[in-house]
Amino acid sequence: MRPNHQVWISRQARDRMEAELADLLAVRADDDTTDWDMHQARKSRIWQIQDLLMNAAIDEMPADDGIAEPGMILTVRFDGTGETETFLLGTPIAELGDLEVCSAQSPLGDAISGARPGEQRSYRVPSGAQVSVTLLDAAPYGVRTPDPAAG
Numbered sequence: 001m002r003p004n005h006q007v008w009i010s011r012q013a014r015d016r017m018e019a020e021l022a023d024l025l026a027v028r029a030d031d032d033t034t035d036w037d038m039h040q041a042r043k044s045r046i047w048q049i050q051d052l053l054m055n056a057a058i059d060e061m062p063a064d065d066g067i068a069e070p071g072m073i074l075t076v077r078f079d080g081t082g083e084t085e086t087f088l089l090g091t092p093i094a095e096l097g098d099l100e101v102c103s104a105q106s107p108l109g110d111a112i113s114g115a116r117p118g119e120q121r122s123y124r125v126p127s128g129a130q131v132s133v134t135l136l137d138a139a140p141y142g143v144r145t146p147d148p149a150a151g
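What follows is the structure in structure tokens.
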């Protein structure tokens, strides 16, 4: 994560992260030193969670202006297939039950950020192919419930 880069997470995600952090910190140092890789993974996860919580914009609702940004539930249409998908633009750690989460730093998240409904954007997938998407709807998380049929 880039320094001073705010990420949007829900209060529920913050609570889950704080509980996980408490569990990780509760492990005594000598309990996991027999497995160096496990010790390093635990330390890395602690740093990751601490960094995320330090830079989190928790439940700070973005403006209901239809512009795609972190904290918004977006519905997009993949123009090549006509399929639609509804997801939260945020950080994958912000998972919210059945609602998919798309990182704002992912190719799709980066491409769709700042779009208004009806605006088409494109991005490259790992295979190198170009994918075009159209933003159909953008609403702050908590303002409107996503339509399960849309995603």
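Position 7, counted from 1, in the sequence shown is what this note's numbering calls 7; the numbers after and before it change by one each time, with no gaps. All C-beta atoms in this analysis are idealised placements derived from N, C-alpha and C, irrespective of residue type, glycine included. Note that the coordinates shown come from a computational prediction; the quantities given were computed from them, not determined experimentally.
1. Could you have a look at Ser122 and say whether DSSP puts it in helix, strand or coil?
2. On the three-pair Cβ rule with 8 Å, is the stretch 61-78 touching the stretch 110-120?
3. So, with DSSP's three-state summary, where would you put Ser10?
4. Identify whether Ile73 lies in helix, strand or coil by the three-state DSSP scheme.
5. Per DSSP, which one or two residues make a beta bridge with Ser132?
6. Tell me the DSSP secondary structure of Pro117 in three-state form.
7. Taking C-alpha atoms, which residue in Ile73, Asp79, Asp37 lies nearest to Ser103?
8. Per DSSP, Glu85 forms a beta bridge with which residues?
Put simply:
1. strand
2. In the pairwise beta carbon analysis, the stretch 61-78 is classified as touching the stretch 110-120: at least three pairs are separated by under 8 Å.
3. DSSP places Ser10 outside both helix and strand once states are collapsed to three, so it counts as coil.
4. strand
5. Ser122
6. coil
7. Ile73
8. Val76
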